[in-house]
Amino acid sequence: MGGPDLRLRLALAIAIASPLACSSPKDTPDASAPAPSASQAAVAPPATSAAPTPSKPLSPAERQGSVIARSPKGDALFVADEDHKVLRKIPLPLAPGASATEVPLLGAPAQVLPIDGAVLVTIRDPGLLLVLKPDASGVLGEASRVALPADAWGLAATADARHAFVTSAWTHTVSKIDLAAGKVVWSADVAREPRGIAVLGSGEILVSHLVGADVTHIGEESGAPVVKTIGVMPSPVRAPSGKKLHASLGYSLVTSPDEGRLFVARHAVGALARRSWFGQPTVDVVLLPGKNGRTAPEQLAATHVGGLPSQKSRVADLTMTADTPVSIPGRDKGPFTQPRAMVYRAKSDTLLVAGEGDDVVAELDAVALDPTLAIVRIFQVGQKYDPGYGAAGECGAPAGITLSADEDTAYVFCRSTYDVVAIDLAAKAPVDPIVRDRQTLVHLADDTLSAEAQKGRRLFYNATDPILSGGLGCAGCHPEGRDDGHVWHEATFDTIDGLHTNFVGVYENIPDLAKTKGFPRRTPMLAGLVNAAGPYGWHGESPDLGARITAGMGLHRWGGMPQNIGGAAVGRASLVAAFVREGLVPPPRENRELTDKEKRGRELFLNKGTKCAHCHVPETQYTDRTPYPLKRLPPVSGFEDESKQEFKTPSLRFVAGRAPYFHDGRVSTLEKLVELNGDRMGNTSHLPAEDREALIAFLKTL
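Numbering (this note's numbering), first residue to last: 3 to 704.
Next comes the structure, spelled out in structure tokens:
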């Protein structure tokens, strides 16, 4: 294996952090099975029900779902094609021009898991787990269906395939399913946006999150779920001294074959590196209990060697250390951008991570303190982005990876172009770690959006376009059009070209970098909330969506916009605007009758005395899109006191899933927001506790 610095290997000097904090959430999880929604109940389940029948216990890799997965016999690939709402079966070996068999589904699939005799598929809306089985002619048909909390996403099974576990992203739940009985055993409430899921041989499960730094651990006591939190430090090698960073994009986590190590791929917001305003990609390593006498999770960490450079007068010189262990020309931002999927290659003890933003698959040393600093090679699966707004180059936005049985081939599904690429892993790692040779590629389907929105889709994910992106794609902060849960610094910097206003992840402990501490700006959600003509921006400063996207191009990069770009920025903005309006899917909303408590909350919301509906107009997505002066708020710690207090009324659609609240993210829950509001936004100070609870209950239905 070529490339990694041996100083980073576990066999040598390792610094292990103190046992990770593992705590139970304040709220007790609901151990009862969820009631199906109206949309789920409207579709009657099939009469038959059958569980998978594996011939031997499933390995850690075999019991974990993905967007793309190999059949146990190795004769086919399965792809969960979310945008076309089909499951695709592709024959192996992969050959150019190969045709795929389509299995129409009840909704958009998220992940697929083939097991001997069956194929499991999660459906996002309505939330379902489907068990598909082949008939005598080999055609897949539905054998059973289980109603789940909406937005069913991540999928895994126990080693004996008797039970499956599913994460439901928007409804922040994890469910255990008895596959033989075809029913939910329990559903547990967890933190925001649970995504990746791994089932240990002990039956315990580990869950990563699209928002936040910690990992969820779920065990069982007396048949009921016990939810705990494992505090995992994002990118400890690159974090400013003494600071725990925010993390996002936690789509995937895997264990080593012996289940001794857990790997969590995500983005560490604010991690230090050259020319990085937004942070760094990371694969954080946790040593799991049960190995070498460990009784609690322990995180691999390292100490800064040499500290930060002494001269910090220019943004372009923001470098973690003077002696970076691994340096690849042109890749100061890390081996991949916007991690989306990951697999463990046991024969080489390496990790393969798909970079959604730069169309790469990075192979990293899994036996390193920080795998992102131990690069084996980088496969460029898509061509370099060009001024044609994404018209050229195959394999855009790789979203899933699976390995062949001998682990010599990686199959990658690309979400924005609907291609599958086969990567040859058996070839010797080159001296130049960046592999650009074209691999076998199969095009599965064409995009169904308008021509403008198709190009906008490529741009939305892409982090390499020199005009649109400053190193992170739109999807880096707005995954699936949602939000990363982060509060960014909007600050003015003194660069070589003069003063520029930018968003940055974090810059504490970096002297002389900022002219001010900056203003706090929470990442807004896009999906389902960008159909209005305008205005946009927290102050309503952008007259339309295109203008807001164009302004964002300057805010999301060091030093402002490139010079002399003409109308290129405006053209790109119009394409992205087309995609976010046509292609982003809003979170699921349950269509049901309100409870008495929720009806009381609606009455209070519409009441002229509370004045909630005066600004949050129901007919226009609960906003009038008008800026209003707010009563002065005390400054948020670590930020500048903001003098301009006029803010545009935000929409309340999907507000229950968009914490933290206010433009500065100062409030963590809706309950706290209403409690602290007083008469700042509407008049709520006079409401008794019972009415406040009713108002909150109604807000959660929007």
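Cβ atoms here follow ideal geometry from the backbone N, Cα and C, with glycine treated the same way. Just so you know, these numbers come straight off a predicted model, no measurement behind them.
Closest by C-alpha distance to residue i, when choosing among the options
{"i": "residue 597", "options": "582, 674, 254 and 695", "result": "695"}
{"i": "residue 274", "options": "570, 375 and 355", "result": "375"}
{"i": "residue 624", "options": "233, 585 and 532", "result": "532"}
{"i": "residue 297", "options": "262, 665 and 503", "result": "262"}
{"i": "residue 419", "options": "631, 400 and 437", "result": "400"}
{"i": "residue 502", "options": "550, 523, 563 and 488", "result": "563"}
{"i": "residue 455", "options": "577, 637, 70 and 650", "result": "577"}
{"i": "residue 629", "options": "602, 663, 539 and 593", "result": "539"}
{"i": "residue 486", "options": "152, 214 and 187", "result": "214"}
{"i": "residue 127", "options": "56, 120, 115 and 107", "result": "107"}
{"i": "residue 658", "options": "590, 686 and 611", "result": "590"}
{"i": "residue 571", "options": "458, 253, 663 and 199", "result": "458"}
{"i": "residue 544", "options": "447, 605 and 649", "result": "649"}
{"i": "residue 489", "options": "285, 248 and 610", "result": "248"}
{"i": "residue 259", "options": "286, 279 and 347", "result": "347"}
{"i": "residue 373", "options": "384, 359 and 337", "result": "337"}
{"i": "residue 377", "options": "656, 693 and 435", "result": "435"}
C-beta contact flag for residue i and residue j at 8 Å
{"i": "residue 351", "j": "residue 364", "result": "no"}
{"i": "residue 76", "j": "residue 407", "result": "yes"}
{"i": "residue 168", "j": "residue 192", "result": "no"}
{"i": "residue 181", "j": "residue 133", "result": "yes"}
{"i": "residue 560", "j": "residue 472", "result": "yes"}
{"i": "residue 122", "j": "residue 205", "result": "no"}
{"i": "residue 586", "j": "residue 528", "result": "yes"}
{"i": "residue 283", "j": "residue 341", "result": "yes"}
{"i": "residue 170", "j": "residue 150", "result": "yes"}
{"i": "residue 673", "j": "residue 521", "result": "no"}
{"i": "residue 56", "j": "residue 163", "result": "yes"}
{"i": "residue 159", "j": "residue 105", "result": "no"}
{"i": "residue 452", "j": "residue 580", "result": "yes"}
{"i": "residue 265", "j": "residue 251", "result": "no"}
{"i": "residue 446", "j": "residue 81", "result": "yes"}
{"i": "residue 600", "j": "residue 703", "result": "yes"}
Buried or exposed (CB count within 10 angstroms, at least 16 for buried), residue i
{"i": "residue 608", "result": "exposed"}
{"i": "residue 690", "result": "exposed"}
{"i": "residue 39", "result": "Model confidence at residue 39 stands at a pLDDT of 42, short of 50, so the residue's coordinates are unreliable and nothing is read from them."}
{"i": "residue 492", "result": "buried"}
{"i": "residue 428", "result": "exposed"}
{"i": "residue 379", "result": "buried"}
{"i": "residue 698", "result": "buried"}
{"i": "residue 441", "result": "buried"}
{"i": "residue 464", "result": "buried"}
{"i": "residue 354", "result": "buried"}
{"i": "residue 404", "result": "buried"}
{"i": "residue 61", "result": "exposed"}
{"i": "residue 595", "result": "exposed"}
{"i": "residue 291", "result": "buried"}
{"i": "residue 504", "result": "buried"}
{"i": "residue 448", "result": "exposed"}
{"i": "residue 268", "result": "buried"}
{"i": "residue 687", "result": "exposed"}
{"i": "residue 361", "result": "buried"}
{"i": "residue 450", "result": "exposed"}
{"i": "residue 535", "result": "exposed"}
{"i": "residue 154", "result": "buried"}
{"i": "residue 684", "result": "buried"}
{"i": "residue 603", "result": "buried"}
{"i": "residue 647", "result": "exposed"}
In DSSP terms, what residue i is bridged to
{"i": "residue 281", "result": "271"}
{"i": "residue 649", "result": "630"}
{"i": "residue 188", "result": "178"}
{"i": "residue 365", "result": "354 and 379"}
{"i": "residue 413", "result": "404 and 424"}
{"i": "residue 93", "result": "78"}
{"i": "residue 504", "result": "493"}
{"i": "residue 524", "result": "489"}
{"i": "residue 344", "result": "355"}
{"i": "residue 88", "result": "83 and 106"}
{"i": "residue 135", "result": "143"}
I'd like the ranges of any alpha helix (DSSP H) spanning at least 4 consecutive residues and lying wholly in the segment 423-472. 453-463
List, from N- to C-terminal side, the alpha helix (DSSP H) runs of 4 residues or more that fit wholly inside the segment 587-614. 598-608
At 4 residues or longer, what runs of the alpha helix (DSSP H) sit wholly inside the segment 634-693? 672-679
Could you tell me which uninterrupted beta strand (DSSP E) segments, each at least 3 residues in length, are contained entirely in the segment 225-262, listed from first to last along the chain? 226-232 and 248-257
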